[in-house]
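In numbering that gives the first Met the number 0, the protein residues as written are 0 to 274. The beta-carbon is built from N, C-alpha and C at its ideal position, and this holds for glycine as well. Owing to the predicted nature of the structure, the values given are computational and were not obtained by experimental measurement. Input: a single structure, listed below in structure tokens.
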Amino acid sequence: MIEEDHEISEETLPILNSFFLEDIERAMIAIAQGGGGEALLQYLSVRQNRHDDLYTPKGLQTIVRHLSPHLMPHGRWPSDPRYSMSLMQQFSINTAIQKLDEGGLLSVNGPPGTGKTTMLRDLVAHNVVERAKALASFGKVTETFNTAGYLVSSLTGFEMVVASSNNAAVENISRELPLLKSLAQEFREAEYLRPVANQLSARTNRAGEFLPLDDEEQCWGVIAAIMGKREIARNSAIVSSSHPILKRKAQKRLTGQMNLISSTSGVGVPLAKTP
0 MIEEDHEISE ETLPILNSFF LEDIERAMIA IAQGGGGEAL LQYLSVRQNR
50 HDDLYTPKGL QTIVRHLSPH LMPHGRWPSD PRYSMSLMQQ FSINTAIQKL
100 DEGGLLSVNG PPGTGKTTML RDLVAHNVVE RAKALASFGK VTETFNTAGY
150 LVSSLTGFEM VVASSNNAAV ENISRELPLL KSLAQEFREA EYLRPVANQL
200 SARTNRAGEF LPLDDEEQCW GVIAAIMGKR EIARNSAIVS SSHPILKRKA
250 QKRLTGQMNL ISSTSGVGVP LAKTP
């Protein structure tokens with residue numbers, strides 16, 4: 000009887016049982032085929048990527064070089080104009096833009112409250128502006144899609160994924176970016192992105208009816224989404240999908256959840272409260 004149970008357990012349970020086995024297998028296959036991306040190659044490399052000690056004279060030269068005006072990003076998060084990034088925050092932003100242009104890894108370390116999330120916002124703004132510059136090079140909307148219906152390559156690569164072993168930290172960042180209060184007062188007047196953002200952020204009761212958002216929960220736009228849960232990811236597909244067929248399917252799934260009513264002016268009026 001004991002032997003039978005032992006045999007069953009060997010058949011049903013693998014030697015290694017992990018959520019990461021499939022990801023590790025994909026990485027192994029990618030490396031074997033000569034791919035995998037610069038970040039994965041650097042992560043697995045035995046070579047250590049040493050950087051200058053910023054507290055030495057050579058490190059000071061590195062800081063000055065990376066803070067050169069021509070290396071400053073063209074985008075900035077619409078926060079209070081009276082306050083700018085600290086020296087090391089701006090150094091980290093400029094370094095990330097330079098070093099990660101073709102992919103790779105960069106570590107920014109700092110204790111809580113030193114402005115890492117603030118720095119991340121400026122990187123998001125940089126990506127938005129760079130993608131807008133790429134969009135401005137097209138004369139017609141149809142030029143932005145290839146024959147298969149996907150975005151052309153020049154409009155991709157600006158996506159950002161915030162991942163961590165701490166789910167709460169990631170969720171806080173993703174939830175804070177779309178909030179109206181994350182913008183300075185002088186930038187809160189633009190309302191054309193708010194209806195859809197508030198609709199996606201609104202909670203529903205058991206009857207499926209949208210509940211009004213509090214003032215602190217009001218959103219300015221759909222710039223980030225919490226994608227951990229399958230249902231949330233499915234509901235966000237309508238704003239993240241670039242493929243026309245996938246977008247139509249996402250719209251069907253959101254019927255009843257994204258109940259935007261067209262007014263006579265053609266502007267969507269959300270059921271969720273917007274001031």
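Buried/exposed call for residue i, threshold 16 Cβ in 10 Å
i: glutamate 208; result: exposed
i: asparagine 166; result: exposed
i: arginine 193; result: buried
i: leucine 59; result: exposed
i: methionine 118; result: buried
i: leucine 212; result: buried
i: asparagine 204; result: exposed
i: glutamate 177; result: Note that residue 177 is proline in the sequence shown, not glutamate. With 16 or more Cβ atoms within 10 Å of its Cβ, proline 177 is classed as buried.
i: asparagine 93; result: buried
i: serine 91; result: buried
i: leucine 199; result: buried
i: leucine 179; result: buried
i: histidine 69; result: exposed
i: asparagine 108; result: exposed
One or two residues paired with residue i in a DSSP bridge
i: threonine 203; result: Phe209
i: phenylalanine 144; result: Leu150
DSSP state of residue i mapped onto helix, strand, coil
i: leucine 20; result: helix
i: leucine 99; result: coil
i: glycine 267; result: Note that glycine 267 scores a pLDDT of 34, beneath 50, so its modelled location is shaky and nothing firm can be said.
i: phenylalanine 186; result: helix
i: phenylalanine 157; result: coil
i: leucine 192; result: coil
i: leucine 178; result: strand
Of the residues the options, the one placed nearest residue i, counting alpha carbons only
i: asparagine 123; options: Pro77, Ala29, Leu43; result: A small correction: the amino acid at residue 123 is valine; asparagine does not occupy that position in the sequence shown. Among Pro77, Ala29, Leu43, the Cα nearest to that of valine 123 is on Pro77.
i: leucine 134; options: Phe157, Asn171, Lys115; result: Phe157
i: tyrosine 82; options: Pro56, Gly35, Gly114, Leu99; result: Gly114
i: valine 140; options: Leu154, Val127, Glu129; result: Leu154
i: glutamate 37; options: Arg130, Lys98, Thr61; result: Lys98
i: serine 173; options: Gly220, Ile62, Leu66; result: Gly220
i: valine 127; options: Arg25, Ala223, Met27, Ile30; result: Ala223
i: histidine 73; options: Met226, Arg130, Gly34, Ala26; result: Arg130
i: threonine 116; options: Ala168, Gln41, Ser136, Asp214; result: Ala168
i: glutamate 175; options: Arg202, Ile225, Phe137, Thr143; result: Ile225
Original post:
Should the region 51-65 be called in touch with the region 100-117, which here means at least 3 C-beta pairs below 8 Å?
Top reply: Verdict: no, contact absent.
**OP:** Taking 8 Å as the threshold, find out whether the region 144-153 comes into contact with the region 187-205 through three or more Cβ pairs.
**Re:** No, they do not touch.
Original post:
Counting Cβ pairs closer than 8 Å, one from the region 86-102 and one from the region 19-34, do we hit at least three?
Top reply: The region 86-102, when compared against the region 19-34, does not touch it at the 8 Å Cβ threshold.
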